[in-house]
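Protein sequences appear in the order of chains A and B. Last residue of the first sequence? That's 230 in this note's numbering, and every number before it is there in order. Last residue of the second sequence? That's 1230 in this note's numbering, and every number before it is there in order. Shown next, in structure tokens, is the structure this report addresses.
There are 2 protein chains.
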Amino acid sequence: MSPITWQSVKDEALRRIRNRDWPPGGQIPHEADLAAELGCSRVTVNRALRELAEAGLLERRRKAGTRVPLNPVRKATFEIPIIRHDIEGRGLTPGYRLISQQMHPAPGTLAQRLHLAPDTALLQVMALHLANDAPFCLEDRWINPASVPDLAAADFTTISANEWLVQNAPFSGGEIGFSATPATASDAAHLGCAPNDALFTVTRITWAGTAPITSVRLTYAPGYQMLTLI
Amino acid sequence: MSPITWQSVKDEALRRIRNRDWPPGGQIPHEADLAAELGCSRVTVNRALRELAEAGLLERRRKAGTRVPLNPVRKATFEIPIIRHDIEGRGLTPGYRLISQQMHPAPGTLAQRLHLAPDTALLQVMALHLANDAPFCLEDRWINPASVPDLAAADFTTISANEWLVQNAPFSGGEIGFSATPATASDAAHLGCAPNDALFTVTRITWAGTAPITSVRLTYAPGYQMLTLI
DNA sequence: CAGTGGTCTAGACCACGGT
DNA sequence: CCGTGGTCTAGACCACTGT
């Protein structure tokens, strides 16, 4: 009557992997065998092994069975917070200032990356996020009005485009890139740092199906670090 | 006899969220009701809604039910590749050069971060990863011999500590940080860039249970970008 | 072809936590 | 207290893919 949980099966499997009872490169027993051995149903074993496979600690293929990878590619998850919440989470007081907001034809490379016709009219929004009144993050964003019907109703003087879009334009997918870039003259002026300072930069494009919603470049003041548990 | 899959339930739920059939802040029907409506079992609905909750698109609490969050905090996963594979994945030819390898007492702040007694003996390994013979990434690592029994058998002249540890010291958890740092004189010399150039930097600490395994600082040559799908 | 993981079902009990 | 999600079971069929 021991209540075997998928979590306990997962822990036991982890133990065997670390302990090399299941050696790297080797196959592990079938779900049915494990279920019999551990005294639980196959579904329970399946749930446990599936999670380990999603974390990169096992490789599963039909017919071929389940193996311990020689070079596990670990996966980690990170959150994409609203910038204001990121600031609050660091124990600082958030602030916000709209810098500019204007319709522009999309520059060539941007139009290409968004799969739009050249010179499609987009709304460019630039804003500065503050933490304890000090510059925290510069938001340089292009929004596709065709994907965001209510865009005209948005007032980016009081709410950041970052936050408004999270609430009003759910995305289905996209890509996000992290890099280090030297501060441009504009970056330096807005963030209050020196030109060429090393700035942590996030570039993100999001889509609703195949329609582009927005492209944004977030440039953080010197010293910013993005932390995640793995 | 329609084969309703958890994936199709997930898609339908996503559609209702995007469509605001389930408005932000509102509760959605119970699992049992949805199962009846969609003509599948409750377990199938559970799997679908659980995944959406893990992605940050729903909030679930016992008794309180399931809600659409007003400010969804989207989660994304990224892979932690072996550096050599990262290079190969970019279509470049990887190279590797050991710079130094020596036992040192742990510096104070490091010992503290690793929860070790000050001056605990650690192995410091510095190495350079190359892509098409050009500097790609500088690896500055401290390894705790107490957590890695076979450490003496490792030959870091032929295999990087990065890769060897992945194969020989599975970790149970840790933390990873991303930032932009100005190139130090040492960084610049090894990476062939100018001092104070903006460098993408990854800091990672890993643990086996409560025992620290390694602390590493990866400094990438200018222009590096870490890309992830969301 | 046949073995393995992937998934669905119906029913059941349990844990948490609002009321 | 009691409604809701969390999970387990036994059995079944299916989809993929290596041999």
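Just so it is clear, CB atoms sit at the ideal spot from N, CA and C, and this is done for glycine as well. Quick caveat, the model's predicted, so the values are computed rather than measured.
In angstroms with no decimal places, state the Cα-to-Cα distance between residue i and residue j.
i: Asp-119 (chain A); j: Ile-1230 (chain B); result: 27 Å
i: Val-125 (chain A); j: Arg-141 (chain A); result: 5 Å
i: Asn-168 (chain A); j: Ala-185 (chain A); result: 33 Å
i: Gly-1192 (chain B); j: Ser-1100 (chain B); result: 18 Å
i: Tyr-220 (chain A); j: Asn-132 (chain A); result: 15 Å
i: Leu-151 (chain A); j: Thr-214 (chain A); result: 12 Å
i: Ala-117 (chain A); j: Thr-1093 (chain B); result: 36 Å
i: Ile-1004 (chain B); j: Ile-1017 (chain B); result: 19 Å
i: Leu-944 (chain B); j: Gly-1026 (chain B); result: The structure shown does not extend to residue 944 (chain B), since chain B is modelled only from 1001 to 1230, so the question has no answer here.
i: Ser-41 (chain A); j: Ala-1048 (chain B); result: 21 Å
i: Ala-1146 (chain B); j: Thr-1206 (chain B); result: 14 Å
i: Pro-149 (chain A); j: Leu-165 (chain A); result: 11 Å
i: Arg-62 (chain A); j: Glu-31 (chain A); result: 12 Å
i: Arg-97 (chain A); j: Asp-1021 (chain B); result: 34 Å
i: Arg-1050 (chain B); j: Pro-24 (chain A); result: 31 Å
i: Leu-1114 (chain B); j: Ser-1179 (chain B); result: 20 Å
i: Gln-7 (chain A); j: Cys-1137 (chain B); result: 38 Å
i: Ala-1111 (chain B); j: Thr-77 (chain A); result: 27 Å
i: Gly-223 (chain A); j: Thr-1203 (chain B); result: 14 Å
i: Leu-1227 (chain B); j: Asn-46 (chain A); result: 31 Å
i: Ile-1083 (chain B); j: Ala-64 (chain A); result: 28 Å
i: Arg-217 (chain A); j: His-104 (chain A); result: 17 Å
i: Thr-109 (chain A); j: Leu-14 (chain A); result: 47 Å
i: Asp-1086 (chain B); j: His-1129 (chain B); result: 11 Å
i: Leu-58 (chain A); j: Pro-1195 (chain B); result: 42 Å
i: Leu-70 (chain A); j: Glu-1139 (chain B); result: 22 Å
i: Met-1001 (chain B); j: Gly-1039 (chain B); result: Unreliable positioning characterises Met-1001 (chain B) in this predicted model, as indicated by a pLDDT of 47, which lies under 50. The coordinate reading is nonetheless provided below. Using only the alpha carbons, I get a separation of about 10 Å.
i: Pro-1072 (chain B); j: Thr-1158 (chain B); result: 46 Å
i: Lys-1010 (chain B); j: Asp-187 (chain A); result: 42 Å
i: Ala-1241 (chain B); j: Ala-1121 (chain B); result: With chain B running from 1001 to 1230 in the structure shown, residue 1241 (chain B) is simply not present.
From the DSSP output, read off the bridge partner residues of residue i.
i: Thr-1157 (chain B); result: Partner(s): none; Thr-1157 (chain B) has no beta bridge.
i: Phe-200 (chain A); result: A:Ala-180
i: Val-125 (chain A); result: A:Gln-101, A:Arg-141
i: Ile-1205 (chain B); result: B:Glu-1175, B:Ser-1215
i: Gln-27 (chain A); result: A:Arg-67
Please classify residue i: does DSSP put it in a helix, a strand, or coil?
i: Leu-1014 (chain B); result: helix
i: Ser-1172 (chain B); result: coil
i: Ile-80 (chain A); result: strand
i: Ala-131 (chain A); result: strand
i: Gly-1095 (chain B); result: strand
i: Thr-228 (chain A); result: strand
i: Met-1001 (chain B); result: Because Met-1001 (chain B) sits at a pLDDT of 47, beneath the cut-off of 50, its placement in the model cannot be relied upon, and the point is left open.
i: Gln-1007 (chain B); result: helix
Is it the case that the CB of residue i approaches a heavy atom of the ligand ADP more closely than 7 Å?
i: His-104 (chain A); result: Looking for the ligand ADP in the displayed structure turns up nothing, as the structure carries no ligands at all.
Uninterrupted alpha helix (DSSP H) stretches inside the segment 31-73 of chain A (no shorter than 4 residues): Contiguous alpha helix (DSSP H) elements confined to the segment 31-73 of chain A occur at 31-38, 42-54, taking only those with 4 or more residues.
* Just by C-beta distance, which residues in the segment 1068-1102 of chain B are closer than 9 Å to chain A? -> Leu-1070, Asn-1071, Pro-1072, Val-1073, Arg-1074, Lys-1075, Ala-1076, Thr-1077, Phe-1078, Glu-1079, Ile-1080, Pro-1081, Ile-1082, His-1085
* Asked: What residues from the segment 1202-1222 of chain B come within 7 Å of chain A, judged by C-beta to C-beta, listed N to C?
  -> none
Original post:
According to a CB-to-CB cut-off of less than 7 Å, which residues of the segment 1163-1177 of chain B neighbour chain A?
Top reply: Val-1166, Gln-1167, Pro-1170, Gly-1173, Gly-1174, Glu-1175, Ile-1176, Gly-1177
If you measure beta-carbon to beta-carbon, which residues of the segment 1176-1191 of chain B are closer than 9 Å to chain A?
Ile-1176, Gly-1177, Phe-1178, Ser-1179, Ala-1180, Thr-1181, Pro-1182, Ala-1183
task = Give the residues from the segment 1015-1042 of chain B that approach chain A closer than 8 Å (Cβ to any Cβ), ordered along the chain.
result = Residues Ile-1017, Arg-1018, Pro-1024.
Worksheet item: Name the residues in the segment 130-144 of chain A whose C-beta lies less than 9 Å from a C-beta of chain B; which are they?
Response: The segment 130-144 of chain A vs chain B, Cβ under 9 Å: nothing.
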